[in-house]
Structures are given as C-alpha cells and as structure tokens.
Amino acid sequence: MKTAKALVGIAGLTGLSYLAQAQSQSPLNLRLDFNTELNRYEVYVKPTFSAQRYTWGPSQVTVVVPKELADITISPHSSQAGVWLDQSVVYSPAAAPDRDFHAFSTQGGKIDLVAGEEQLLFEFTLAKGYLEGVRLFDPAKDPSSAAPGMKGGDFSSYASNDKGDVKLGLNTRPAELPVAVEAVRSTGAEPGASFGVVAYPNPSGSGVFRLHLKGVPDKEVVQVQMATLNGKVLKQFDESVETLAGRAIPVPGGASTYLLVTVTRPGKQEAITQKLLVK
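Throughout the sequence shown, residue numbering follows mature numbering (1 follows the signal peptide of the UniProt record, and there is no 0), covering -22 to -1, 1 to 257 in sequence.
#1: Looking only at its own chain, which residues have a Cβ that is under 6 Å from the Cβ of Ile52, when we skip the five neighbours before and after it?
#2: Between Pro5 and the rest of its own chain, which residues show a CB-CB distance below 8 Å, the 5 nearest in sequence each way excluded?
#3: Tell me the residue span of the alpha helix (DSSP H) that contains Leu222.
#4: Report all residues from its chain with a CB closer than 6 Å to the CB of Val41; omit the five preceding and five following residues, and keep chain order.
#5: Ignoring anything shorter than 3 residues, give me the beta strand (DSSP E) runs that lie fully in the stretch 170 to 208, in order along the chain.
#6: Take Val61 and list the residues in its own chain whose beta-carbon comes closer than 7 Å to its own, dropping the five residues that flank it on each side.
#7: Just checking, does the stretch 230 to 244 make contact with the stretch 109 to 127 on the three C-beta pairs under 8 Å criterion?
#8: Let me confirm a value: Ala93 is counted as buried when at least 16 other C-beta atoms fall within 10 Å, else exposed. Which label applies?
#9: Go through its chain and collect everything with a Cβ distance to Tyr236's Cβ below 7 Å, but skip five positions before and after it.
#10: Out of Gly185, Lys210, Glu220, which has the shortest C-alpha to C-alpha gap to Val194?
#11: With distances taken from CA atoms, which of Ser122, Ala205, Glu20 is nearest Pro230?
#12: Where does Val229 fall in DSSP's three states?
#13: Given this structure, state the Cα-to-Cα distance separating Ser122 from Ala29, to the nearest angstrom.
#14: Kindly list the residues whose CB is nearer than 7 Å to the CB of Gln247, restricted to its own chain and excluding five residues on each side of it in sequence; keep chain order.
#15: Tell me which residue opens and which closes the beta strand (DSSP E) that Leu109 is part of.
#16: DSSP puts Asn139 in a beta bridge; with which residues?
#17: Using a Cβ-Cβ cutoff of less than 7 Å, which residues in the same chain neighbour Val186 once the five nearest sequence positions on both sides are dropped?
#18: Given a cut-off of 8 Å, decide if Tyr136 and Ser37 are closer than it, judged by their beta-carbon atoms.
#19: So, at 6 Å on beta carbons, what are the nonlocal neighbours of Ala233 in its own chain, with the 5 sequence-adjacent residues on each side left out?
#20: How many whole angstroms separate the CB atoms of Asn17 and Arg188, which I take to be in contact at a CB cut-off of 8 Å?
#21: Contact check, Tyr22 vs Leu114 under 8 Å by CB: the rounded distance?
#22: Hey, Gly131 and Val68: beta-carbon distance below 8 Å or not?
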C-alpha cells in the first residue's frame, strides 16, 4: 500500500473552488455518487487526458461508511480497470469509532479514457440503501496507518500505471440523496422532530420507491401510509425499520401524478409526509 499526500488549503479560495483547482492538477479525479434509481453507490473517474487502452495498474480506493452498517465486507460490481474487491477493512477503530473503512483494490486492466468524460469504475449497494456520510477516504481528516485501531493498514486511495504512481484528485464530500425539492413536503412533525424521512427516487419513474429513515432504531415498528392528494388511502402497513429502510416499495394502483407517503411513529406521536412525484 502507498500513502497519498493530503492537499494543503490555499488562503483566499472557497472549499469548492479549492477542490476544483486541486482536481485540475490531477490526471485522474474520483468521486462517489448515489444513484437513486438503481439504489446504489457509484465510484467514477474523470481523466484530464485521452488514451486508448490505457494501462490502469494496481490501485486502491477507500470508502468510509457510518458504523451503523453491519460489520461485513461489501461486494462491489466492477465496471472498469479490472476486478475491484473489498480486500482491507477496519470496523469502528479507536481513532474513528463512528466510521468503518473499506479499501477496494484492483490489479488493474486496460481502459479507454476520454478527457473530461466520467467512467464508472465500480458500484455497490448497502442493505439500507442510502446512508448519510458515505464518502471517499480523506487523508486530511481520516486516521493514518499508525492511528489506534487501524492495525497498521494504509487506507489512502492511490493509483498506478505502467510508468509508476498516478496522482489522484479526490472529491471527499459525502454522497448526497438527490430528490426533486419541489416535490417534497414534510408535515405533522413539530420543529425538532426526532426523526427524518426521505422517499426516493423522487420523481419515481420505475413504479417503485424506497425510504431513507433517519433517527429511528432498527427494531422500531413504524406505520407507512400511501394516499392520493385528496386524502384517499391506497395502502397502509406496519413494518420494522430494519426491513423497511431501503426496501423497494411498489407504487399502489390508483396513484396519479402525486402520491402522499406518510411515515408515523405511533409511540412518539410523530408523522412526516413526503409528496412523491409518480411519472
């Protein structure tokens, strides 16, 4: 394993402009995205150069996830640059007890690169679908190999080719859950409510949606109600968060353009309603 050097901030630049400048100095730039339609995380590379049958050598890309994820390895699906495997893992180390570290590595392969065009390297899914805080390893704030609990492992991301090391640009911002803001409405929850709900994808064109639930214990049972805009209930059921979070929920018959999805915590007397755009 190799160590990637942390980028040093430059006075006078905003975080966003600094990130753009830092990445422009790297021939290969990586970012992590969440695909709401396919319910998966995706790691992309954007090169600053073009090359046919580019030799992508042994490389590592580390993903940081919240500790609430089960302590198991992640099975990625490889798309480019060889076969990616979750080969080095540290769960909730003493130096960062709120995080797990998954280092995906590949021995490399041939890849056609086009300057400025993103390509998918690999993707993976999590049992609960979307989780807040999933991001690429940040050498500026994540533990080094010598930190307590890291077991001497270097989790910095790196890449190489047939000539040696290749500098990586890393977008380490957490993957966001994009939804159509104009199609979202929260009601029935007082300010400071103890939980949050997001229905995704929104808009939904596939006939199914999923729920991201925040601040609700896995074992708690919540009520889900789906209704039309005029209040006609189309379907209602109770389910534990453990199985509900991230599960595909079919849009019921009778829904037209919009569907009101209400999640209620009976024990807390709280409810949040999402206005889901159904195509």
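C-beta: ideal position from N, C-alpha, C; glycine also. Here the structure is a predicted model, which is why all the values come from computation and not from measurement.
The relevant details are as follows:
#1: One-based indexing of the sequence shown puts residue 52 at position 74. Only Asp64, His80, Phe102 meet the Cβ criterion.
#2: For the purposes of this step, residue 5 is taken as the residue at position 27 of the sequence shown. Correct list, in chain order: Pro25, Thr26, Phe27, Val144, Lys145.
#3: As a first step, residue 222 must be located in the sequence shown, where it is residue number 244. Note, Leu222: alpha helix (DSSP H), 219 to 222.
#4: Counting from 1 along the sequence shown, the entry for residue 41 is found at position 63. Cβ within range, chain order: His80.
#5: For secondary structure counted as the beta strand (DSSP E) over 3 or more consecutive residues, the stretch 170 to 208 holds these complete runs in sequence order: 174 to 178, 186 to 192, 199 to 205.
#6: For this step, residue 61 is matched to residue 83 along the sequence shown. Here Val61 has Thr84 as same chain residues with Cβ atoms under 7 Å from its own Cβ, once five neighbours each way along the sequence are excluded.
#7: Flag = no, the stretch 230 to 244 and the stretch 109 to 127 do not touch.
#8: In the sequence shown, the residue the question calls residue 93 occupies position 115. Counting other Cβ atoms within 10 Å of its Cβ, Ala93 stays below 16 and is therefore classed as exposed.
#9: For the purposes of this step, residue 236 is taken as residue 258 along the sequence shown, with counting starting at 1. Residues of the same chain with a CB within less than 7 Å of the CB of Tyr236, apart from the 5 flanking positions on each side, are Leu207, Lys253, Leu254, Leu255, Val256 in chain order.
#10: Position 216 of the sequence shown holds residue 194. Comparing alpha carbon positions, the residue from Gly185, Lys210, Glu220 closest to Val194 is Glu220.
#11: Looking up residue 230 in the sequence shown gives position 252. Per the Cα distances, Ala205.
#12: As a position in the sequence shown, residue 229 is number 251, starting the count at 1. In the structure shown, Val229 sits in coil (DSSP, three-state: anything other than H, G, I, E or B).
#13: Reading the sequence shown from its first residue, position 144 is the one you call residue 122. Reading the sequence shown from its first residue, position 51 is the one you call residue 29. Straight-line Cα distance between these residues: approximately 33 Å.
#14: Position 269 of the sequence shown holds residue 247. None.
#15: Here residue 109 corresponds to residue number 131 of the sequence shown, with the count starting at 1. The continuous stretches of beta strand (DSSP E) do not include Leu109, and DSSP gives it neither H nor E.
#16: By one-based count along the sequence shown, residue 139 stands at place 161. Its beta-bridge partners are Gly142.
#17: Residue 186 sits at position 208 when you count from the first residue of the sequence shown. Around Val186, the same chain offers Ala226, Ile227, Pro228, Val229 as residues with beta carbons nearer than 7 Å, after the five sequence neighbours per side are excluded.
#18: Mapped onto the sequence shown, residue 37 falls at position 59. Mapped onto the sequence shown, residue 136 falls at position 158. Yes, they are a contact pair.
#19: Counting from one through the sequence shown, the residue named residue 233 turns up at place 255. Same-chain partners within the cutoff: Val256.
#20: Along the sequence shown, one-based indexing puts residue 17 at 39. Along the sequence shown, one-based indexing puts residue 188 at 210. That pair is a contact at about 6 Å.
#21: Here the question's residue 22 lines up with position 44 in the sequence shown. Here the question's residue 114 lines up with position 136 in the sequence shown. Contact doesn't hold; Cβ gap of about 11 Å is too wide.
#22: Numbered from its first residue, the sequence shown carries residue 131 at position 153. Numbered from its first residue, the sequence shown carries residue 68 at position 90. In contact: Gly131 and Val68 (Cβ atoms closer than 8 Å).
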